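Residue numbers for the sequence shown follow my numbering, beginning at 4 and rising by one. Backbone N, C-alpha and C define an ideal beta-carbon position, used for all residues, glycine too. In this text, all values refer to a predicted model and were calculated from it rather than measured experimentally.
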Amino acid sequence: MNDYKVPEISKQLYDRIRLVRRDIGDLLFHFTRRVSPHIFNMTPQHTISLSGSASDVLWEILFEGKLKGTANWTYGEKCICFTEAPIQEFNSIFSLIRIAASKQERPRYEPYGIAVSKKWLFEQGGRPVIYDHPESLKDFPEALKYRFVPYNPKEGIDFTWEREWRIKSEALKLNPKQTLAVLPTADEAFDLVYNFADMEADWDYSDGEACIAGASHVPKWLAVSLDLFGFNYHEINS
C-alpha cells in the first residue's frame, strides 16, 4: 500500500493543462557535441576514421544502438543525461551559436542527438534531477546523490533551465520504437533514415513460384529535423 499523497486533479483538467502548457512535452532529448577525431570499430574487420563532429557522434550512437554513461558531474556514478525542454524551445538555445564570440560562449551541445519517450525512460529507471542548495549534498543518501544538482540563485548557481533527467547506467540500450534521431535539417534526417535502413526483398508470386521482384528500404531509426520548427542551421553557421 502506498502511503504518499498527491494533489487531486481530474483527468480532463490534467489533459487541458498539458494542451496549453508549451513547456511540457512527452520526449526527453540527449544532444551530442564535438569530440576528438578517433577510429570507430564497426566490426572486428572494419574500422572507419571519424572526424569527431557532433554528427559523427550521433552516427556512432545509432550504429551501436546505445548511449554511454559518464561520471563527469554525477559524483562518481556513470549516468546518461537528458533534457525535458520541448523541441521547439531548442531553436533559441542553438541560435546562441550565431552570436558567440568564442568557443566558451557557445552552447555545450549541438543540434544533433536523440529523443526518447519520457514514459519509456522512466520505466528504465530515469528520473528528474533534484536541484538543491550546494550544502544539501551531505544530507542526500548515497542512492540519490547521482541526481543532485547544486542550486543557489543568490550565488548565480542555476542550471534549472536544463530541465535535466538522468539515468544511472554504464550504457543505455536504445529501443528504435521509442527513439527518434534529431538533426538540424530535413536533408540530413532523410539521409540518416535511408542509410540506416535495412533492405528487404519484395517477392512476386504471380506465376505460382516465388521470385524476387525488387527490394525496399525498411527504416530502423526514424528522425525529425529542427528546421520543421523554424531552426535555420545554415544561417547561424554562416
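Where does S120 sit, in a helix, a strand or coil, going by DSSP?
Here S120 sits in strand by DSSP.
Let's see if you can read the secondary structure: which residues bound the beta strand (DSSP E) around A174?
174-176
Return the residue from the list I64, E113, L225, F93 that minimises the CA-CA distance to F43.
I64
By alpha-carbon positions, which one of K171, S52, T35, A74 ends up nearest to A118?
T35
CB-CB under 7 Å to T163, same chain, minus the five flanking residues each way: which ones, in chain order?
Taken in chain order, the residues that qualify are Y134, Y154.
If I'm right that K176 touches K69 with Cβ under 8 Å, what's the distance once you round it to whole angstroms?
5 Å
Label V60 either buried or exposed according to how many other C-beta atoms from any shown protein chain fall within 10 Å of its C-beta, with 16 as the threshold for buried.
buried
With a threshold of 16 other CB atoms inside 10 Å of the CB of E167, please say whether the residue is buried or exposed.
buried
CB-CB length for G128 against K171, believed under 8 Å
7 Å
Environment of S54 [buried if 16+ CB atoms lie within 10 Å]
exposed
If we count the other Cβ atoms within 10 Å of its Cβ and call it buried at 16 or more, is L183 buried or exposed?
Counting the other CB atoms within 10 Å of its CB gives L183 a total of 16 or more, which places it among the buried residues.
Between the Cα of Y112 and the Cα atoms of F85, Q181, S13, W123, which residue gives the shortest distance?
Taking only the C-alpha atoms, the option nearest Y112 is F85.
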